[in-house]
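**Q** Attaching a single structure in structure tokens format; questions to follow.
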Amino acid sequence: MINKTAGKALLLSVAAFSVMMTGCGSNKATEAANESVETEKEGKGDSEAAVTEVPKKEEADAKEPEEEEPATIVGVLFSTDRQDERHTLEEEELLQQLENAGYEPKAYYAENDTDTQINQIRQAKEEAAALVISPVDEYSLTEVLEEIKQDSDPIPVFAYDKLIRDTDAVNYYVTFNTRKAGNEAGDTIIKNAELEKARENKESKTIEFLMGSPDDGGALFFYNGLMESLQEYLDDGTLVCSSQKSSFDDSAIMRWSEDSARSRFEEIIKENYQEEGTPDIICTAYDGFASQVIQVLKEEGISQEAWPMITGVGAEADSVKEIALDQQDFTLFLDGRELAKACADMVDTYLKGDKPEVNDYEQYDNGKKIIGTYTCEAQVIDKDNYQILVDNGFYMKSQIVPDPTATPAPTESPAPTESPAPTESPAPTESPAPTESPAPTESPAPTESPAPTESPAPTENPTPTKTLTSTKTPAATKEESSGKD
5 MINKTAGKAL
15 LLSVAAFSVM
25 MTGCGSNKAT
35 EAANESVETE
45 KEGKGDSEAA
55 VTEVPKKEEA
65 DAKEPEEEEP
75 ATIVGVLFST
85 DRQDERHTLE
95 EEELLQQLEN
105 AGYEPKAYYA
115 ENDTDTQINQ
125 IRQAKEEAAA
135 LVISPVDEYS
145 LTEVLEEIKQ
155 DSDPIPVFAY
165 DKLIRDTDAV
175 NYYVTFNTRK
185 AGNEAGDTII
195 KNAELEKARE
205 NKESKTIEFL
215 MGSPDDGGAL
225 FFYNGLMESL
235 QEYLDDGTLV
245 CSSQKSSFDD
255 SAIMRWSEDS
265 ARSRFEEIIK
275 ENYQEEGTPD
285 IICTAYDGFA
295 SQVIQVLKEE
305 GISQEAWPMI
315 TGVGAEADSV
325 KEIALDQQDF
335 TLFLDGRELA
345 KACADMVDTY
355 LKGDKPEVND
365 YEQYDNGKKI
375 IGTYTCEAQV
385 IDKDNYQILV
395 DNGFYMKSQI
405 VPDPTATPAP
415 TESPAPTESP
425 APTESPAPTE
435 SPAPTESPAP
445 TESPAPTESP
455 APTESPAPTE
465 NPTPTKTLTS
475 TKTPAATKEE
485 SSGKD
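Numbering (the working numbering), first residue to last: 5 to 489.
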């Protein structure tokens, strides 16, 4: 009994050990498989090796395909939805370029309200891997961007078009080289107004300025570039600003208000150009200002012979038409599509772990640090080359090319042919006075009274002279006058 019992116990022990060993082997295999799957999900290790560990093809086929990871979100915060075609084209280009690069762009529009934009930034940073911000107010985002910087995993911030100031939380900046654009505007004025020739002849030309908003850093850069070209002519008297409003502070128009620009120009004309009617040159930093200037001059009745040189910036469709009609001298084209492409490339490069391209690391100091910047160039558009805006797809021909029959002023009011007065009142035929009063035949006074004393004919009968002076003479003069008309 003892031996049988011991044998049974031994058998049971061996079986239990065998089962235990089998269970351990299964756990280790499962852990290895799980680790391989996790490694593959994380993008680590050899995915092909993980596939070879699956023992049966049926099991591999039975696995459900892994879901694609959602696209990385990029928050794009615009100051406002400006609705006009030009800016809509630019905004759509930026969103499309980000999408083409594999991101999911989410657009926010602050409607020019700073508090709204601050709330939108807080909302966007919770899900976005990067933020592109076109600020409503360059100086009002310090606090909210500091919150981003203090996060455990801060996301990059790209300033778009306008520089965000008073914060070191901005990584990069994309904008137009407005200082160089100012240089080009000044150089074009010098050339087209023939200022060198005027200087040689000791002549002077009058000039007035309507510059951009004082809260826009780009406007100040444009002014500085403009004066780098024009200041020497102001200093030597070749250019004269009669209003004395040639400094940036004196010539800037707050928030780019067209109404304010119009009022400013009307005031300048009234106080300084009563005799001349207009300055020789009106330099503006925005096509909207140039349009207001043109309206004022038309209302003032300035003739084409006395029409001044008017400059603008922006290549707005209406201003390009004015250029084609010789009402505006030139504008500067800032292609927003190029700015959008540059920004999308910069974001994509950064998020992929590389260093974005920068072509200016000197002049864009936001008060906390110099921001690495990529700048796009402006192009002068005048009557000789405005067709390129159609060729490059920025406008359709119908948007900027004026209709040749749109303003044929001389043919619209042919006043001489509208009032053929002579044919309406043929006065000579209506009053043939000589045939109505043949007075000499009715009074043969000499036959009735031959006595010399009874017939003082000259005094009693002045009728012949009456008929000669009363009807024929007025009729003749009327004919003559109607012939001149």
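Just so you know, even glycine gets a beta-carbon here, dropped at the ideal spot from N, CA and C.
My output table needs one value for Glu73: the three-state DSSP class, helix, strand or coil.
**A** Residue state, collapsed to three classes: coil.
**Q** How long is the line joining the alpha carbons of Ile285 and Gly340, rounded to whole angstroms?
**A** Straight-line Cα distance between these residues: approximately 28 Å.
**Q** Between which two residues does the beta strand (DSSP E) carrying Gly376 extend?
**A** Per DSSP, Gly376 belongs to the beta strand (DSSP E) from 376 to 380.
**Q** Leaving aside the five residues before and after Glu95 along the sequence, list all residues of the same chain whose C-beta is less than 7 Å from its C-beta, in chain order.
**A** These residues qualify, in order along the chain: Phe82.
**Q** For Glu188, which of helix, strand or coil comes out of DSSP?
**A** In the structure shown, Glu188 sits in a helix (DSSP, three-state: H, G or I).
**Q** Would DSSP call Asp117 helix, strand or coil?
**A** If DSSP states are grouped into helix, strand and coil, Asp117 belongs with coil.
**Q** Name the two residues that bound the continuous beta strand (DSSP E) containing Ile211.
**A** Start and end: 209 to 214.
**Q** For Leu167, name the three-state secondary structure that DSSP assigns.
**A** It is coil, neither helix nor strand.
**Q** Which of the three DSSP states, helix, strand or coil, is assigned to Gln383?
**A** In this structure, Gln383 counts as strand in the three-state DSSP scheme.
**Q** Please report the straight-line C-alpha distance between Pro283 and Lys209, rounded to a whole angstrom.
**A** For Pro283 and Lys209, the distance between alpha carbons rounds to 8 Å.
**Q** Any chance you could list the beta strand (DSSP E) runs of at least 3 consecutive residues sitting entirely within the region 278 to 355, in chain order?
**A** Fully enclosed beta strand (DSSP E) runs of 3 or longer: 285 to 288, 313 to 315, 335 to 337.
**Q** Is the region 133 to 145 touching the region 162 to 171, taking contact as three or more C-beta pairs under 8 Å?
**A** Counting Cβ pairs under 8 Å, three or more are found: they touch.
**Q** CA-CA distance, Ser255 and Lys249?
**A** Rounded to whole angstroms, Ser255 to Lys249 spans 6 Å at the Cα level.
**Q** What separation, rounded to the nearest whole angstrom, lies between the Cα atoms of Lys373 and Tyr177?
**A** Rounded to the nearest angstrom, the two C-alpha atoms are 12 Å apart.
**Q** Between Gly221, Leu338, Ile194, which has its C-alpha nearest Asp369's C-alpha?
**A** The candidate whose alpha carbon is nearest that of Asp369 is Gly221.
**Q** Between the region 231 to 242 and the region 184 to 191, do at least 3 Cβ pairs fall closer than 8 Å?
**A** With the cut-off at 8 Å, the region 231 to 242 and the region 184 to 191 touch.
**Q** Determine the closest residue to Cys347 out of Asp219, Glu97, Leu93, Asp388, with distance taken between C-alpha atoms.
**A** Selected option, being the one with the closest Cα: Glu97.
**Q** Asn363: buried (16+ other C-beta within 10 angstroms of its C-beta) or exposed?
**A** Classification for Asn363: exposed.
**Q** Can at least three beta-carbon pairs, one atom from the region 189 to 201 and one from the region 398 to 410, be found at a separation below 8 Å?
**A** The region 189 to 201, when compared against the region 398 to 410, does not touch it at the 8 Å Cβ threshold.
**Q** Within its chain, find whatever has a CB closer than 7 Å to the CB of Glu270; leave out the 5 residues flanking it on each side and keep chain order.
**A** Same-chain partners within the cutoff: Val300.
**Q** Keeping to the same chain, check which residues put their C-beta closer than 7 Å to that of Pro160; ignore five residues upstream and five downstream.
**A** The residues are Ala134, Asn175, Tyr354.
**Q** Going by the beta-carbon positions, is the gap between Cys287 and Ile193 smaller than 8 Å?
**A** Closer than 8 Å, so yes.
**Q** On the CB-based measure, 16 or more other CB atoms within 10 Å of its CB, does Thr379 come out buried or exposed?
**A** With 16 or more Cβ atoms within 10 Å of its Cβ, Thr379 is classed as buried.
**Q** Alpha carbon to alpha carbon, what distance is there between Met215 and Tyr227?
**A** Approximately 7 Å, taken between the alpha carbons.
**Q** Where does the unbroken beta strand (DSSP E) through Tyr143 begin, and where does it stop?
**A** It is not in any beta strand (DSSP E) - Tyr143 carries neither H nor E in the DSSP assignment.
**Q** Are the beta-carbon atoms of Leu336 and Ala382 separated by less than 8 Å?
**A** A contact, by the Cβ cut-off of 8 Å.
**Q** So Gln332 and Ile314 are supposed to be a Cβ contact under 8 Å. How far apart are they, rounded?
**A** Sure, about 5 Å apart at Cβ, within 8 Å.
**Q** With the cut-off set at 8 Å, would you say Lys110 and Val80 are in Cβ contact?
**A** Against a cut-off of 8 Å, the Cβ pair of Val80 and Lys110 comes out as a contact.
**Q** Span of the beta strand (DSSP E) holding Ala223?
**A** Not the beta strand (DSSP E): Ala223 falls in the alpha helix (DSSP H), residues 221 to 239.
**Q** Taking the alpha-carbon of Glu115 as reference, which of Asp85, Val394, Asp352 has the nearest alpha-carbon?
**A** Per the Cα distances, Asp85.
**Q** Note down the Cα distance separating Glu279 from Leu329, rounded to an integer number of angstroms.
**A** Glu279 and Leu329: Cα-Cα distance of roughly 26 Å.
**Q** Roughly how many angstroms lie between the CA atoms of Leu238 and Leu343, to the nearest whole one?
**A** Distance between the alpha carbons of Leu238 and Leu343: 34 Å.
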